[in-house]
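*Asks:* In order, the protein sequence lines correspond to chains A and B.
Adding 9 to a residue's 1-based position in the first sequence gives its number in our numbering.
Adding 9 to a residue's 1-based position in the second sequence gives its number in our numbering.
We put the CB at the ideal spot given by N, CA and C, even for glycine.
First the structure, which I've put down as structure tokens, then a few questions once you've had a look.
Number of protein chains: 2
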Amino acid sequence: MITKYKSRARKQPSAAVRPGGEFAPKRFEPRAVKTAAPVHPDSKLKIMVLGGLEEVGRNMTVFQYDKEIIIVDMGLQFPEEDMPGIDYIIPNVGYLEDKTEMIKGVIITHGHYDHIGGIPHLMGKLGNPPMFMGKLTAGIVKKRAEEFNKCPKLNIAEINEDSKLQLGKNFRVETLRVNHSIPDCFAAIIHTPIGTIIHTGDFKIDYSPVNDKPADLNRIAQIGGRGVLLLMADSTDAVHPGYQKSESSIGDEMSRIFEKLNGRIIIGTFASQLSRVQKLFDLAEKYGRRINLQGRSMNDNVEIAHQIGYLKFNPKILIEDHELNRLPDGKIMIIGTGAQGESNAFLMRVVNGEHRSVNLKAGDTVIFSSSVIPGNERTIQTLRDIIVRQGAKVINYEMMDVHAGGHAKQEDLKLMMRLLKPEYFMPIEANHYMLQAHAELAEQVGIPKEKIFVADNGQIVEFHRADGRALGKLTREKVVTDYVMVDGLGVGDVSNIVLRDRRVMAEDGMIVIIATIDNKTGDTIGNPDIISRGFVYMKENKELIQKTRMKVKKIVKDHNPRTPADDDYIKNKIRNDIGQFLFSQTKRRPMVLPVVIKV
Amino acid sequence: MITKYKSRARKQPSAAVRPGGEFAPKRFEPRAVKTAAPVHPDSKLKIMVLGGLEEVGRNMTVFQYDKEIIIVDMGLQFPEEDMPGIDYIIPNVGYLEDKTEMIKGVIITHGHYDHIGGIPHLMGKLGNPPMFMGKLTAGIVKKRAEEFNKCPKLNIAEINEDSKLQLGKNFRVETLRVNHSIPDCFAAIIHTPIGTIIHTGDFKIDYSPVNDKPADLNRIAQIGGRGVLLLMADSTDAVHPGYQKSESSIGDEMSRIFEKLNGRIIIGTFASQLSRVQKLFDLAEKYGRRINLQGRSMNDNVEIAHQIGYLKFNPKILIEDHELNRLPDGKIMIIGTGAQGESNAFLMRVVNGEHRSVNLKAGDTVIFSSSVIPGNERTIQTLRDIIVRQGAKVINYEMMDVHAGGHAKQEDLKLMMRLLKPEYFMPIEANHYMLQAHAELAEQVGIPKEKIFVADNGQIVEFHRADGRALGKLTREKVVTDYVMVDGLGVGDVSNIVLRDRRVMAEDGMIVIIATIDNKTGDTIGNPDIISRGFVYMKENKELIQKTRMKVKKIVKDHNPRTPADDDYIKNKIRNDIGQFLFSQTKRRPMVLPVVIKV
Numbered sequence: 010m011i012t013k014y015k016s017r018a019r020k021q022p023s024a025a026v027r028p029g030g031e032f033a034p035k036r037f038e039p040r041a042v043k044t045a046a047p048v049h050p051d052s053k054l055k056i057m058v059l060g061g062l063e064e065v066g067r068n069m070t071v072f073q074y075d076k077e078i079i080i081v082d083m084g085l086q087f088p089e090e091d092m093p094g095i096d097y098i099i100p101n102v103g104y105l106e107d108k109t110e111m112i113k114g115v116i117i118t119h120g121h122y123d124h125i126g127g128i129p130h131l132m133g134k135l136g137n138p139p140m141f142m143g144k145l146t147a148g149i150v151k152k153r154a155e156e157f158n159k160c161p162k163l164n165i166a167e168i169n170e171d172s173k174l175q176l177g178k179n180f181r182v183e184t185l186r187v188n189h190s191i192p193d194c195f196a197a198i199i200h201t202p203i204g205t206i207i208h209t210g211d212f213k214i215d216y217s218p219v220n221d222k223p224a225d226l227n228r229i230a231q232i233g234g235r236g237v238l239l240l241m242a243d244s245t246d247a248v249h250p251g252y253q254k255s256e257s258s259i260g261d262e263m264s265r266i267f268e269k270l271n272g273r274i275i276i277g278t279f280a281s282q283l284s285r286v287q288k289l290f291d292l293a294e295k296y297g298r299r300i301n302l303q304g305r306s307m308n309d310n311v312e313i314a315h316q317i318g319y320l321k322f323n324p325k326i327l328i329e330d331h332e333l334n335r336l337p338d339g340k341i342m343i344i345g346t347g348a349q350g351e352s353n354a355f356l357m358r359v360v361n362g363e364h365r366s367v368n369l370k371a372g373d374t375v376i377f378s379s380s381v382i383p384g385n386e387r388t389i390q391t392l393r394d395i396i397v398r399q400g401a402k403v404i405n406y407e408m409m410d411v412h413a414g415g416h417a418k419q420e421d422l423k424l425m426m427r428l429l430k431p432e433y434f435m436p437i438e439a440n441h442y443m444l445q446a447h448a449e450l451a452e453q454v455g456i457p458k459e460k461i462f463v464a465d466n467g468q469i470v471e472f473h474r475a476d477g478r479a480l481g482k483l484t485r486e487k488v489v490t491d492y493v494m495v496d497g498l499g500v501g502d503v504s505n506i507v508l509r510d511r512r513v514m515a516e517d518g519m520i521v522i523i524a525t526i527d528n529k530t531g532d533t534i535g536n537p538d539i540i541s542r543g544f545v546y547m548k549e550n551k552e553l554i555q556k557t558r559m560k561v562k563k564i565v566k567d568h569n570p571r572t573p574a575d576d577d578y579i580k581n582k583i584r585n586d587i588g589q590f591l592f593s594q595t596k597r598r599p600m601v602l603p604v605v606i607k608v
Numbered sequence: 010m011i012t013k014y015k016s017r018a019r020k021q022p023s024a025a026v027r028p029g030g031e032f033a034p035k036r037f038e039p040r041a042v043k044t045a046a047p048v049h050p051d052s053k054l055k056i057m058v059l060g061g062l063e064e065v066g067r068n069m070t071v072f073q074y075d076k077e078i079i080i081v082d083m084g085l086q087f088p089e090e091d092m093p094g095i096d097y098i099i100p101n102v103g104y105l106e107d108k109t110e111m112i113k114g115v116i117i118t119h120g121h122y123d124h125i126g127g128i129p130h131l132m133g134k135l136g137n138p139p140m141f142m143g144k145l146t147a148g149i150v151k152k153r154a155e156e157f158n159k160c161p162k163l164n165i166a167e168i169n170e171d172s173k174l175q176l177g178k179n180f181r182v183e184t185l186r187v188n189h190s191i192p193d194c195f196a197a198i199i200h201t202p203i204g205t206i207i208h209t210g211d212f213k214i215d216y217s218p219v220n221d222k223p224a225d226l227n228r229i230a231q232i233g234g235r236g237v238l239l240l241m242a243d244s245t246d247a248v249h250p251g252y253q254k255s256e257s258s259i260g261d262e263m264s265r266i267f268e269k270l271n272g273r274i275i276i277g278t279f280a281s282q283l284s285r286v287q288k289l290f291d292l293a294e295k296y297g298r299r300i301n302l303q304g305r306s307m308n309d310n311v312e313i314a315h316q317i318g319y320l321k322f323n324p325k326i327l328i329e330d331h332e333l334n335r336l337p338d339g340k341i342m343i344i345g346t347g348a349q350g351e352s353n354a355f356l357m358r359v360v361n362g363e364h365r366s367v368n369l370k371a372g373d374t375v376i377f378s379s380s381v382i383p384g385n386e387r388t389i390q391t392l393r394d395i396i397v398r399q400g401a402k403v404i405n406y407e408m409m410d411v412h413a414g415g416h417a418k419q420e421d422l423k424l425m426m427r428l429l430k431p432e433y434f435m436p437i438e439a440n441h442y443m444l445q446a447h448a449e450l451a452e453q454v455g456i457p458k459e460k461i462f463v464a465d466n467g468q469i470v471e472f473h474r475a476d477g478r479a480l481g482k483l484t485r486e487k488v489v490t491d492y493v494m495v496d497g498l499g500v501g502d503v504s505n506i507v508l509r510d511r512r513v514m515a516e517d518g519m520i521v522i523i524a525t526i527d528n529k530t531g532d533t534i535g536n537p538d539i540i541s542r543g544f545v546y547m548k549e550n551k552e553l554i555q556k557t558r559m560k561v562k563k564i565v566k567d568h569n570p571r572t573p574a575d576d577d578y579i580k581n582k583i584r585n586d587i588g589q590f591l592f593s594q595t596k597r598r599p600m601v602l603p604v605v606i607k608v
């Protein structure tokens, strides 16, 4: 059952906007705007994206008009390769922290981590405003929030494709069903006093999705007919020509594979790819296999989706680990996490021999049914190597069509623009060069270049009315969106200096040189202590270490330090001279850490 | 001019093998064997692959019969992601070090680093045996050897597609031209007393290669007709269905792109992709553009290839950096290195503003014309982002067909097997799961499973004759092939311990705790010194550091260390207790390095 949320703001006194009046934007259909507040000519609509890496449009979008704000999505981003040890990156909400009273609501488009992952970290800071999301999304968000002590009790209302939300006086939001790789994905149709904005979230166009309704193209066209001021659309696959594959075509290919297999089938996929999981349940049913679920997130998501009726299967099809050995191999399908080579996920634990119940053996077939996230390629290659070494076969999407992407490709993107006919366009949700590629597509379908905004994170896009028209511009104003890195319990406490040190030590290690100096004589006492890690293997480099000790002693002797200023001089001298010496001997540049102890 | 090398071994007394006699293998055509030595029934042919990572078949293959050895290729491998700071990995030649007298020759199939990169490091250790390689390969190998002080003067003889080499008494090698992404690629046809072996090196089948002759399919079929005991074939693209694209088809696509462009064209490719470079020179000629080369390896390779006539162009087409500003943009093509995001290559220096002569600007088009090496994906995405931010357009092989791979795909591989009709098959040159995929293709074309050997690195494949037939097996014997890592000047001196330390410090940093203890009282003098890098930002974590200091003081006070044994106890106690304390406070696990100084 889908409940509709009534915003507190709805109870406020309402005043209609004059239809077609002075302040109505060009092509604007006033029926769609039932805002409470009169439109003031000086009022501006500000739009900005917070968070993400160098990418734009990801994670969190802010809409501000007068003294009201609404937010779309609150995700996290996985770190870049040059951020060792960082768990993930959450949006920087510095701009919002003194404006929490203004936040009228948060709309979450779907349940993937890059759209929900920031919620438990940020909702406390943002005054815990009301949230709106699909039923499945709500289940996932609540489950995740349980793991965080600091997350306040969330105020979540569920939405469906008919939802209409009045948020504050100025924002009226309708939802539009779109397809992706998880059910319950909604684009947000945001009616503002300046005009209507569509934020697609992530989407693909799938005429025959699995266990999900197709996006309502007819309704999209109708929305387009009523006038769209700005379209903000998913650019993830904007560099790829053609059309995205339908999820149902994947099932056909999988079906052909399953027909031939007699051993156990082990599928690695994302726990969040619930459309895929539904297809697998259907195929298991068809081919008389029982299903064993592996990985906590897989179990959680299947449970949530099944409870609310989004995943349809007979619970008897599920088997526990201890039943795996009782059934013939040809009757078993294991669905688990770890297809990206994540270190603690199911597949990795299996190949490392750390899994209680599952070991690979000849006859097993492991199917990788997810695309490879950039950066994980080598890890996945190694994972496949080990699987094959352990006797199982590997099938992956490179070999056969066992994966359909979740994002619209170039022709799909053009279709969306043709149907919605936006006056302005803003590509979002991807790397900058993909946004640019999407911007070029927009030009191809006839949107004038000056009405296409490729914005940086934090860069403010502004709309206002003048002469009865809505005018937009990409301003040069930018709010702070520095990375907020999460590392263990620390949120935002890992600085660039800390990261730089990690990178240096990863590259060539470090060496600590401890010179104990006699306060009276200014000379070293005994031999300097040297500790090195990640540089050279000390036991095999005694000569190098001994030479380093002698050089340190000489530096101290030559300068005979007696004051604290002398100590700093000595430390710098050791850092520079020993650094150069070690480089000349090894062509490595370990971090040199001099310590001077005066006794 | 191609010179043929006459092996010293040829001068040895020759004795013909009896045709069709007792020792001739099944389907074996004795005309193809002109070995000098009589075949002894106890003699075994051993084949093993040295080097590579977990992969097999890469970098270096050893063939041993009686007391004679020949080697095919001597490459390097780039490190895995969990090997921070490592430059590359070279084959472990421990097995050969006491057998240098036996090595009769080294055949290099082509000039790519994964086939030549080990030469300067290893030839000294192997007694500098004679080497045989194509003219272009020789040019590249000699140039690279110049950079290494320790590399002996190489004894290189050039080969072409008609070369016939007698190496020792037992090995006669013919060369077979194959196509790849660099000219002068040869497969080795190795006639041994047990039978004929084909080692393909890297290859693709290209009926219309650029500036290179196509592989002689007719000759391949003839070789197949004479009987092939074992085929060892490139498996790099064995997981990819279909046929590889022809290099000439790429030119057509490029041509269409070039027609539309009016600004500067900047191409990022591999310096070793000389077929691509030729096509670019042809296109520059056609479209009236002058060429500026960037990157040392690009300049070196073009010079070498041009000198020997493998790259054909009018030298006047080349322009120097200072001419870039004098010519109109539409007349300029820059070909440079760095399409993989390598940190010191041309493209990276340009986007970082570190290049003397080239800055990106609006109107420029940067074409990425090479496939992405697994592991480089994120870096390349970031590179593309920056390029687009600097105003240039990006075109890459994902968007258009501007890259053809250099390796045979599944249908090509099957063709090769059909033409050669080998009795035994051994997939090489790729990750283990790709080798397995290739092995399955071999089964599909009718090679019996027990005659297909998927060997690990160092695992010995053995052939001998019995009952007039050649019999092969994959033994359980393995020679040592531990990684030999090159890091700066160090070869093989970075141990797993050093690597592990680098990984730990990269993840959560480290903290050095220096407790100065009074020898008499056994108590700390002053506050313990604490140095941390890559863990937390010290200035913002004074309380944590202060608490740590207090804990250290307490540990020392409680145990009052007076003997060296006490010191070790104290150090362990500090390492464990402080490690746990810091984890409880931060959920990070920095490396804790306790130092006890007694005064």
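#1: Which same chain residues end up closer than 7 Å to aspartate 491 of chain B when comparing Cβ atoms and leaving out the 5 residues on each side of it in sequence?
#2: Check the C-beta distance from valine 81 of chain A over to alanine 197 of chain A and give it rounded, since I have them as a contact under 8 Å.
#3: Given a cut-off of 8 Å, decide if aspartate 211 of chain B and histidine 119 of chain B are closer than it, judged by their beta-carbon atoms.
#4: Use the C-beta contact count for asparagine 68 of chain A: other C-beta atoms within 10 angstroms, 16 or more gives buried, fewer gives exposed.
#5: Taking the alpha carbon of valine 495 of chain B as the point to measure from, which residue in A:His121, A:Lys596, A:His130, A:Phe72 has its own alpha carbon closest?
#6: Can you find a C-beta in chain A that's less than 8 Å from the C-beta of glycine 499 of chain B?
#7: Using a cut-off of 7 Å between C-beta atoms, extract the partners of arginine 398 of chain A located in chain B.
#8: Could you tell me whether any Cβ in chain A is nearer than 8 Å to the Cβ of aspartate 496 of chain B?
#9: Please check the pair arginine 186 of chain B and phenylalanine 195 of chain B, which I expect to be a contact at CB under 8 Å, by giving their CB distance rounded to whole angstroms.
#10: Is there a C-beta anywhere in chain B that falls below 8 Å from the one on isoleucine 259 of chain A?
#11: When you compare each of B:Tyr97, B:Ile95, B:Leu105 to glycine 467 of chain B by their alpha carbons, which one comes out closest?
#12: Is it a yes or a no for the segment 326–342 of chain B touching the segment 299–310 of chain B, going by three-plus beta-carbon pairs under 8 Å?
#13: Within the 8 Å Cβ cut-off, does valine 150 of chain B reach chain A?
#14: Of all Cβ atoms in chain A, is any one closer than 8 Å to the Cβ of tyrosine 546 of chain B?
#15: Specify the secondary structure class of methionine 435 of chain A as computed by DSSP and reduced to three states.
#16: Quick check on the DSSP output: the beta strand (DSSP E) that includes asparagine 301 of chain B runs from which residue to which?
#17: I believe phenylalanine 472 of chain A touches isoleucine 207 of chain A by the beta-carbon criterion, under 8 Å. Please report the beta-carbon distance rounded to the nearest angstrom.
#18: Taking the alpha-carbon positions, what's the proline 643 of chain A to leucine 145 of chain A distance?
#19: Classify lysine 113 of chain B: buried if its beta carbon has 16 or more other beta carbons within 10 angstroms, exposed otherwise.
#20: Could you pull out every unbroken beta strand (DSSP E) segment of at least 3 residues lying fully inside the segment 329–378 of chain A, listed in chain order?
#21: When you compare only the Cα positions, how much space is there between leucine 591 of chain B and alanine 417 of chain B?
#22: Any chance you could list the beta strand (DSSP E) runs of at least 3 consecutive residues sitting entirely within the segment 498–532 of chain B, in chain order?
#23: Measure from the alpha carbon of arginine 365 of chain B to the alpha carbon of each residue in B:Thr374, B:Asp330, B:Gly350, then state which is nearest.
#24: Cα-Cα, which of B:Leu333, B:Asp517, B:Ile437 is closest to methionine 57 of chain B?
*Replies:* In short:
#1: Start at 1 with the first residue of the second sequence, and residue 491 of chain B comes out as number 482. Same-chain partners within the cutoff: Asn101.
#2: Residue 81 of chain A sits at position 72 when you count from the first residue of the first sequence. Residue 197 of chain A sits at position 188 when you count from the first residue of the first sequence. At roughly 6 Å, the Cβ-Cβ gap stays under 8 Å, so valine 81 of chain A and alanine 197 of chain A are in contact.
#3: Against the second sequence, residue 119 of chain B aligns to sequence position 110. Against the second sequence, residue 211 of chain B aligns to sequence position 202. Closer than 8 Å, so yes.
#4: As a first step, residue 68 of chain A must be located in the first sequence, where it is residue number 59. Classification of asparagine 68 of chain A: buried, given that the 10 Å Cβ count is 16 or more.
#5: As a working mapping, residue 495 of chain B is identified with position 486 in the second sequence. Residue A:Lys596 is the option with its Cα nearest to valine 495 of chain B.
#6: Within the second sequence, the letter at position 490 stands for residue 499 of chain B. Glycine 499 of chain B has a beta carbon lying within less than 8 Å of a beta carbon in chain A.
#7: The residue given as residue 398 of chain A occupies position 389 in the first sequence. Simply His441.
#8: Translated into the one-based positions of the second sequence, residue 496 of chain B becomes position 487. At least one chain A Cβ lies under 8 Å of aspartate 496 of chain B.
#9: Residue numbering aside, residue 186 of chain B sits at position 177 when the second sequence is read from its first letter. Residue numbering aside, residue 195 of chain B sits at position 186 when the second sequence is read from its first letter. Indeed, because the Cβ distance is near 6 Å, the residues count as touching under 8 Å.
#10: The count along the first sequence starts at 1 and reaches residue 259 of chain A at position 250. Taking Cβ atoms only, chain B never reaches closer than 8 Å to isoleucine 259 of chain A, which makes this a no.
#11: Walking along the second sequence from the start, residue 467 of chain B turns up at place 458. Cα-wise, what sits closest to glycine 467 of chain B is B:Leu105.
#12: yes
#13: Taking the second sequence and counting its residues from 1, one reaches residue 150 of chain B at position 141. By the rule that beta-carbons nearer than 8 Å mark a contact, valine 150 of chain B does not touch chain A.
#14: What you label residue 546 of chain B is simply residue 537 of the second sequence in a count that begins at 1. True, the Cβ-Cβ gap to chain A drops below 8 Å.
#15: Residue 435 of chain A sits at position 426 when you count from the first residue of the first sequence. Methionine 435 of chain A falls in the strand class under three-state DSSP.
#16: As a working note, residue 301 of chain B is residue 292 in the second sequence. Segment 299–303, the beta strand (DSSP E) holding asparagine 301 of chain B.
#17: Taking the first sequence and counting its residues from 1, the one referred to as residue 472 of chain A is at position 463. Taking the first sequence and counting its residues from 1, the one referred to as residue 207 of chain A is at position 198. Actually they are not in contact, since the Cβ atoms of phenylalanine 472 of chain A and isoleucine 207 of chain A sit about 14 Å apart, beyond 8 Å.
#18: Outside the displayed range of chain A (10 to 608) lies residue 643 of chain A, so it cannot be described from this structure.
#19: Taking the second sequence and counting its residues from 1, one reaches residue 113 of chain B at position 104. The Cβ neighbour count for lysine 113 of chain B, taken over all protein chains shown within 10 Å, is at least 16; the residue is labelled buried.
#20: 341–345, 374–377
#21: As a working mapping, residue 591 of chain B is identified with position 582 in the second sequence. As a working mapping, residue 417 of chain B is identified with position 408 in the second sequence. Their Cα atoms are separated by approximately 53 Å.
#22: 519–526
#23: Walking along the second sequence from the start, residue 365 of chain B turns up at place 356. Ranked by how close their Cα comes to the Cα of arginine 365 of chain B, the residues B:Thr374, B:Asp330, B:Gly350 have B:Asp330 in first place.
#24: By one-based count along the second sequence, residue 57 of chain B stands at place 48. It is B:Ile437 whose Cα lies nearest to the Cα of methionine 57 of chain B.
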